[in-house]
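K.L.:
Below you will find the structure I want to go over with you.
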């Protein structure tokens, strides 16, 4: 407004031509507006291009196993013999291995994470914020190779003494992943506990419920969608973790018979095998197919999170 | 364009990367860019020789990267790099058109079986070794060792070291499914700490923390490799596509020169190609020189 006014003053009394010019030309403010919008569209465009080309790249590479090498999709998903050099592409051992370590890690980590989160929000919020928060955040920042190294140097020998065998296997991987997904699940659970409306708690206490009854019956119940989301995020991290798992699981592409025998996951097979394959051959395409499964699974985890968020919102409004 | 960038990123995800580039000024006429990618077994030698080479030819920009023999062969075949480092003959790798590549053998690597010290075994027959890796012998006491379950640590399928070992020991038989590790270093560490573990390593990775085995009473030494008394060995290859450019050719010459072969190669635990008294071809046939 100011700007248009000043321009009028320079020109003296505005003629109808001036009016037309003013109305037809962009002001500085609207040019800035376009510029800002253009920049954010450009950024979005680049990101969409990267994501789309990655999706396309992995999908086309991963599908080559089935389109070029004519491997039966069902054989790929249900076969148990993984020897790409000899033409056997059965990915079930890795699929089972990935799911086993993921569920086991989530199962072990969830009680600890929820317990920690309750402590940090309801039992001792001050200590929680001062002491536990930094500890949990530190755990997030440790690179996965360090977790793997600790796993190799400490967890594997420990498991060897405890249960025998070589020490490499699903149980060692579970232990390492447990520590890795713990901070993810804890921090997100803390957020969801904190976002429970205050009056839920006040109403519960006013009705004569004890603190523990309030926590377990009201707050945890109200935060359930958020906690489920936290668990799924933790599982997504466990499912996608490559390096740390590869170092402790033993990388044997066989169906896991028990928790202490060496196994393999989709990610560990990828990191172990990728350097020794030739582009365009079956062993390489087979690895891309494993990558495609990983991609589809992470899409699935994302969809699940959205679904839960939606359901949670609905129950909140009721 | 995005796709090209991503594939470059993926290629860049090779394991270890070390690069040597020159900065000193000199009057050398030789210039250009040489990239050698592939075998992690050859990588330390190539990197060290590379830095010596660039200190003499400062206008040459030379980069040495790991990534694995498969990566090296496919990258040089597609023309993405000037040299593809490999532990195995290009002919042995499916998907590589060997006739489009030129082989330059720059060193020899001896490999041998290693076991955890607690296994109580120091010598095996070749047939016993084969039976262990095909899963027929499962306890060390069956070959004169302690009552200890055998834990087989293999290298990844497609690894050059594994291919060499299986060619010499299994001779076409299929190895039993077992643990797989993706590097010599990981194998070395795991065999040293896991009771009953057996694997195979390049001579340069032997340490006193593990027991290197004799096979048929032949000890794994450089001298025995040179005469083929010790059967488990391979060439370290540097492949080029067609005729190498000037800088690449000069570097390959330097690699096979006495400067490198008589000092650096030996210092770093490889065997000089000049010392070999036999020649092995891509089919594994050995002839006396």
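Chains as they are written, first to last, in our numbering: chain Z, 1 to 318; chain S, 1001 to 1289. Glycine included, C-beta positions come from ideal geometry on N, C-alpha and C.
Helix, strand or coil: which one does DSSP assign to residue 1197/S?
P.N.:
strand
K.L.:
Within a Cβ cutoff of 6 Å, which residues of the same chain sit near residue 125/Z, ignoring the five residues on either side of it in sequence?
P.N.:
The beta carbon of residue 125/Z is closer than 6 Å to none in its chain, skipping five residues each way along the sequence.
K.L.:
Could you tell me the boundaries of the beta strand (DSSP E) in which residue 1238/S lies?
P.N.:
Looking at the DSSP string, the run of the beta strand (DSSP E) that includes residue 1238/S is 1233–1241.
K.L.:
Take residue 1280/S as the anchor and find which of 1141/S, 1105/S, 1166/S has the nearest alpha-carbon.
P.N.:
Nearest of 1141/S, 1105/S, 1166/S to residue 1280/S, Cα basis: 1105/S.
K.L.:
Under the assumption that residue 1226/S contacts residue 1152/S (Cβ atoms under 8 Å), give the Cβ distance between them as a whole number of angstroms.
P.N.:
At roughly 29 Å, the Cβ-Cβ gap does not stay under 8 Å, so residue 1226/S and residue 1152/S are not in contact.
K.L.:
I need the straight-line Cα distance from residue 1130/S to residue 1059/S, nearest angstrom please.
P.N.:
50 Å
K.L.:
Would you report the Cα separation of residue 1154/S and residue 222/Z, rounded to the nearest angstrom?
P.N.:
51 Å
K.L.:
Select from 266/Z, 243/Z, 253/Z, 251/Z the residue whose C-alpha is nearest the C-alpha of residue 149/Z.
P.N.:
243/Z
K.L.:
Can you tell me the Cα-Cα spacing of residue 1201/S and residue 1051/S, whole angstroms?
P.N.:
26 Å
K.L.:
Is it right to say residue 202/Z is buried, meaning 16 or more other beta carbons lie within 10 angstroms of its own, or is it exposed?
P.N.:
exposed
K.L.:
For residue 1210/S, which beta-bridge partners are listed by DSSP?
P.N.:
1116/S
K.L.:
Just to confirm, are residue 262/Z and residue 1157/S a CB contact at a threshold of 8 Å?
P.N.:
no
K.L.:
Determine which residues of the stretch 276–306 of chain Z have a Cβ less than 7 Å from any Cβ of chain S, and write them out in chain order.
P.N.:
Here the close residues are 276, 277, 278, 279, 280, 281, 283.
K.L.:
Under a CB-based cut-off of 8 Å, is residue 1179/S close to chain Z?
P.N.:
yes
K.L.:
Could you check whether the Cβ of residue 1283/S sits closer than 8 Å to any Cβ belonging to chain Z?
P.N.:
no
K.L.:
Residue 1039/S: which of 1242/S, 1090/S, 1150/S sits nearest, CA to CA?
P.N.:
Relative to the Cα of residue 1039/S, the nearest Cα in the group 1242/S, 1090/S, 1150/S belongs to 1090/S.
K.L.:
Look at the Cβ atom of residue 240/Z, then the Cβ atom of residue 109/Z, and state whether they are nearer than 8 Å.
P.N.:
no
K.L.:
In the stretch 150–190 of chain Z, which residue ranges form an unbroken alpha helix (DSSP H) of at least 4 residues, counting only runs that do not cross its ends?
P.N.:
156–163
K.L.:
I'd like the list of long-range same chain contacts for residue 1264/S, defined as Cβ closer than 8 Å, with 5 residues on each side in sequence excluded.
P.N.:
1045, 1048, 1049, 1052
K.L.:
Just to make sure I have the definition right: I need the residues of chain S whose C-beta is within less than 7 Å of the C-beta of residue 251/Z. Which are they?
P.N.:
1179, 1180, 1181
K.L.:
What does the Cβ neighbour count give for residue 23/Z, buried or exposed, with the cut at 16 atoms within 10 Å?
P.N.:
exposed
K.L.:
With contact counted as at least three CB pairs below 8 Å, one residue from each stretch, are the stretch 1137–1151 of chain S and the stretch 1075–1094 of chain S in contact?
P.N.:
no
K.L.:
Starting from residue 1085/S, trace the beta strand (DSSP E) in both directions and tell me its first and last residue.
P.N.:
1083–1086
K.L.:
Given a limit of 7 Å on CB to CB distance, which residues of the stretch 169–189 of chain Z reach chain S?
P.N.:
none
K.L.:
According to the Cβ coordinates, are residue 1109/S and residue 1236/S closer than 8 Å?
P.N.:
Cβ atoms of residue 1109/S and residue 1236/S: closer than 8 Å.
K.L.:
When you compare only the Cα positions, how much space is there between residue 155/Z and residue 1137/S?
P.N.:
28 Å
K.L.:
Label residue 359/Z either buried or exposed according to how many other C-beta atoms from any shown protein chain fall within 10 Å of its C-beta, with 16 as the threshold for buried.
P.N.:
Absent from the model: residue 359/Z. The displayed extent of chain Z is 1 to 318, so no value can be given.
K.L.:
Would you mind working out which of 1183/S, 1066/S, 1212/S, 1191/S sits nearest residue 1124/S, comparing C-alpha positions?
P.N.:
1212/S
K.L.:
Once you ignore the five residues that flank residue 309/Z on each side, which residues in its own chain have a CB closer than 6 Å to its CB?
P.N.:
none
K.L.:
Pull out every residue of the stretch 1153–1174 of chain S whose Cβ sits closer than 8 Å to any Cβ of chain Z, in chain order.
P.N.:
1156, 1157, 1158, 1159, 1160, 1174
K.L.:
So the candidates are 1192/S, 1248/S, 1177/S; which of them puts its Cα closest to the Cα of residue 1208/S?
P.N.:
1192/S
K.L.:
Just to confirm my understanding: we take residue 90/Z, look at its own chain, exclude 5 residues before and 5 after, and list those with CB closer than 6 Å. What are they?
P.N.:
The answer, listed in chain order, is 79, 80, 81, 82.
K.L.:
Leaving out five residues before and five after residue 1286/S in sequence, what residues of the same chain have Cβ atoms less than 6 Å from its Cβ?
P.N.:
1228, 1278, 1280
K.L.:
Taking the straight line between their C-alpha atoms, what separation do you get for residue 169/Z and residue 1167/S?
P.N.:
29 Å
K.L.:
Residues of the stretch 1211–1235 of chain S in Cβ contact with chain Z at a cutoff of 8 Å, in chain order, please.
P.N.:
Flagged: no residues at all.
K.L.:
Please work out which residues of its chain come closer than 7 Å, Cβ to Cβ, to residue 1175/S, disregarding the five sequence neighbours upstream and downstream, and give them in chain order.
P.N.:
1133, 1134, 1154, 1166
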